[in-house]
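Note sheet for the following structure.
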Amino acid sequence: MIENKAMIRTFLSRYIRNYDLKDDTDIFGGGLVNSLFAMQLIAFLEKEFAITIENRDLKLDNFRTVNAMAAFIETKA
Amino acid sequence: MNIQLSEQQKKDQYAFREFVNNEIIPNAGRHDSEERLPEELIVKLAGQGCSGALLPEKYGGRAMDYITYGLLNEELGRGCASVRGFMMMQNMVALTLLKWGTEEQKERWLGKIASGEAIAAFALTEPETGSDAMHIETSFADNGSTIIINGHKKWITLGQIADLFLVFGKMRGKLSAVLVEKGAPGFKRTPMAGLLGVRASMLAELHFENCTVPQENLVGRPGFGFVPVGITALNLGRYSIAWGCVGIGQACLDACIEHTSTRKQFGDYLKNHQLIQEMIANMTVNLKAGRLLCYQAGRMQEEGDQNAIMEIMVAKYYTSKMAFSIANDAVQIHGATGCSSNSAVQRHLRDAKIMEIIEGTSQIHQIKIADYAYREYADRF
C-alpha cells in the first residue's frame, strides 16, 4: 500500500502544483482539480493498478484522498 | 511511435473505403438536401457493424480497436458527415453504457444498439446552455421508485428518430444521467431543420414535462452524470469527429487533385499554376499532420493512457480547423463550380464549420489544451 500511495502522489503532483499535498488532503473538496482531471485519474488508476472502475465504485469517498484511493485499490485487488 | 497498420487493419480500411464509395458518396448530396438519412441506409450501417463498432462481440458488436474505428470514421467522414455522426452517436451512447451502465441496462440496450434495432442519442445541450454544461437546468426529481424529468433540450442529433436518449440533468442539485425511451410519458420532440451543415443529422428539440422513468434508468450515480458519464461519451465523440475531419480534408484534397488535373485556364492545367500548388501543398501537409495526431490519440486511447483524453482534444481541435481551412480552399479552387449546391466541396465546407463547434467549441478546446501544456511542460524550465 505504501508503494501505491507513492505512485498516486507522483501522479497527483503533476496536476496539483505548489501545494503541500498530504495523504488525507481532500483533492475534490479543496477545488484543486477539474473535470478532465477526474477522467485522467480514473484512467491512471485503471491502467497503473490493473483494476476496472465500475458504476458501483462511483463514490467520491473512494477518490477523495491519497489514503482513500490506496484503500480502494486494495479492495479491487 | 509505430503507426504501421496491421494487415487486418489494411483490409478493413479497404472494405470501409469501398462501402463509402458505393453506398455513401453517391447519395451524400441527397442526404444533405433532404436533411435526413434514409431508413435503409441506417439498416445497412448497422449491418456493416457501424452501430456497435466498439462494442464487444458478446453484445453483437465488432470489438474494433481504436485505430480501426478511427479508419472507419475517416472513411465515413470522407463520404458524408451526417452518416459519420450517426455512427458516432451510437458508439458514444453504447460505450458509455458499457462502461457506466448497470448490468440490466447493458443487457437491455447494447445488443439493440449494435443491431440497429434501437437508435441512441445523447441529450446534454439546452437552449440556454451549451459549453457551460455544469449549469444545465433540466431537473430530475427522485421520488424513490421513479425519476420525474422536467426540462428542455435542443440541437439533439438524431433526436427526430432516436429510440433511446441518454439525458443529463440535475438530481438534488447534482449532475446526473438517465435513460429515457421515446415512449416515456411526458416526453415530446420537435424536429429542427435548416442548419448550416451536417444537415442530415435529424436534430430535434426534446421536451420533458413531468416525464417519468423508472429509478433503474439512472446511469452512474447522482453527481457523476457529467464526470465520468458525460465526458466518457464526449471523449468518444471528439475522437470520431477528429478522424471524420481527416475524412473531410481527404475528400476535398481528392476533389482538388482531380479538378486541377483536368481543368485548364490560361492555356495550362490549374495544377501547373503556382498559387494553386501552394494551396495543394498546404492541404497535403495539414492533412498529414492531422492524421498523425489522430493516430497518436487512437494509440493512447487503446492503451488506456491517462493523457488520451487530452490528446484527443488536441486532435479534434487541430483537425476541425484543418478541415474548415482545406474545404475553404477547395471551394476557392473549384471557383463557381464549388459554390453550386451540386458540389461536394461546398457541403464539406458547411459540414466542417459544424465540427469546430460540436462536442466542445474550438475555444473550449484551446482553454483545456493550454492548461494541459502548462502541466506537461512545467518541468522544462
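These protein sequences, in sequence, are chains A and B.
Take 11 as the starting number for the first sequence in the working numbering and just add one per residue.
Take 2 as the starting number for the second sequence in the working numbering and just add one per residue.
The beta carbon of each residue, even a glycine, is placed where N, CA and C say it ideally should be.
Using a Cβ cut-off of 9 Å, which residues of the region 63–79 of chain A contact any Cβ in chain B, in chain order?
Answer set for the region 63–79 of chain A: I63, E64, N65, R66, L68, K69, L70.
Which value, in whole angstroms, describes the spacing of the CA atoms of G117 of chain B and N308 of chain B?
Each residue's CA atom was taken as its position, placing G117 of chain B and N308 of chain B some 32 Å apart.
Bridge partners - E1 of chain B, DSSP secondary structure assignment:
The shown model of chain B, from 2 to 382, leaves out residue 1 of chain B, and the question about it has no answer.
Show which residues of chain A have a CB atom less than 8 Å away from the CB atom of A309 of chain B.
Ordered by position in chain A, the residues that pass the 8 Å Cβ test against A309 of chain B are A53.
Short check: CB of I157 of chain B to CB of L204 of chain B, under 8 Å?
yes
So D36 of chain A and T75 of chain A are supposed to be a Cβ contact under 8 Å. How far apart are they, rounded?
6 Å
Alpha-carbon spacing of F87 of chain B relative to N44 of chain A, whole angstroms
30 Å
Any beta carbon of chain A sitting closer than 8 Å to that of F169 of chain B?
Between F169 of chain B and chain A, the shortest Cβ-Cβ separation is not below 8 Å.
With a cut-off of 8 Å, do at least 3 Cβ pairs link the region 194–201 of chain B to the region 127–142 of chain B?
no
Provide the residue span of the alpha helix (DSSP H) that contains C295 of chain B, from first to last.
275–304
Measure how close the beta-carbons of P229 of chain B and W110 of chain B come, nearest whole angstrom, since I'm counting them as under 8 Å.
So it is not a contact: roughly 19 Å between Cβ atoms.
On the DSSP bridge list, what partners appear for T147 of chain B?
B:P215
What are the boundary residues of the alpha helix (DSSP H) that V137 of chain A is part of?
The structure shown has nothing for residue 137 of chain A, since chain A only spans 11 to 87.
Taking only three categories from DSSP, how would you classify S45 of chain A?
helix
With distances taken between CB atoms, is the gap from Y319 of chain B to G291 of chain B smaller than 8 Å?
yes
For I43 of chain B, which of B:A115, B:F141, B:V94 has the nearest alpha-carbon?
B:A115
For W110 of chain B, would you say it is in contact with chain A, using Cβ-to-Cβ distances shorter than 8 Å as the test?
no
Grouping DSSP H, G and I as helix and E and B as strand, with all else coil, what is V21 of chain B?
helix
Spatial neighbours of I277 of chain B within its chain, please: C-beta separation below 6 Å, excluding the five flanking residues on both sides.
Within the same chain, I277 of chain B has close Cβ partners T261, L271.
What residue ranges within the region 299–340 of chain B form continuous alpha helix (DSSP H) runs of no fewer than 4 residues, ordered along the chain?
309–340
Proximity below 8 Å, CB of Q216 of chain B to CB of R190 of chain B
no
Residue span of the beta strand (DSSP E) that contains A107 of chain B, given as start and end
In the sequence as presented, Ala is not what sits at residue 107 of chain B; that position holds Lys. Element bounds for K107 of chain B: not the beta strand (DSSP E) but the alpha helix (DSSP H), 104–116.
Strictly by DSSP, which residues pair up with I391 of chain B?
For residue 391 of chain B there is no data in the structure shown, the boundaries of chain B being 2 and 382.
Under the criterion of a Cβ to heavy atom distance below 7 Å, does Q106 of chain B qualify as lining the ligand SAH?
The ligand SAH is not among the ligands present in this structure, which contains no ligands whatsoever.
Enumerate in chain order the residues of its own chain whose CB-to-CB distance from Q297 of chain B is below 7 Å, with the five nearest sequence positions on each side excluded.
M2, E312
Give a yes or no on whether 8 Å exceeds the smallest Cβ distance from M17 of chain A to chain B.
no
In or out: C340 of chain B buried (at least 16 other Cβ within 10 Å) or exposed?
exposed
So what's T233 of chain B in DSSP terms, helix, strand or just coil?
helix
Under 7 Å between beta-carbons, which chain B residues line up against A48 of chain A? List them in chain order, please.
The contacting residues are V228, P229.
Does any residue of chain A have a CB that is nearer than 8 Å to the CB of K369 of chain B?
Taking CB atoms only, K369 of chain B has a neighbour in chain A less than 8 Å away.
Let me make sure I understand the geometry here. Which of B:M356, B:V84, B:G250, B:K354 has the alpha-carbon closest to that of G327 of chain B?
Checking the sequence, you will find Ile at residue 327 of chain B rather than Gly. The shortest C-alpha to C-alpha distance from I327 of chain B to any of B:M356, B:V84, B:G250, B:K354 is the one to B:G250.
Among B:M280, B:N28, B:N218, B:F267, which one has its Cα closest to the Cα of Q106 of chain B?
B:N218
Quick one: residues in its chain with C-beta nearer than 8 Å to the C-beta of E303 of chain B, no 5 flanking neighbours on either side, listed in chain order?
Closer than 8 Å at the Cβ level, and outside the excluded window around E303 of chain B, lie D66, Y67, I68.
For the alpha helix (DSSP H) holding K189 of chain B, just list the boundary residues, first then last.
Per DSSP, K189 of chain B belongs to no alpha helix (DSSP H); it is in the beta strand (DSSP E), 188–192.
Is I232 of chain B close to chain A? Criterion is C-beta to C-beta, closer than 8 Å.
Answer yes: the Cβ-Cβ gap between I232 of chain B and chain A drops below 8 Å somewhere.
For K45 of chain A, return the contacting residues in chain B, with the cut-off set at a CB-CB distance below 7 Å.
A small fix is needed here, since residue 45 of chain A is Ser in this sequence, not Lys. Those within 7 Å of S45 of chain A in chain B are F227, V228, I232.
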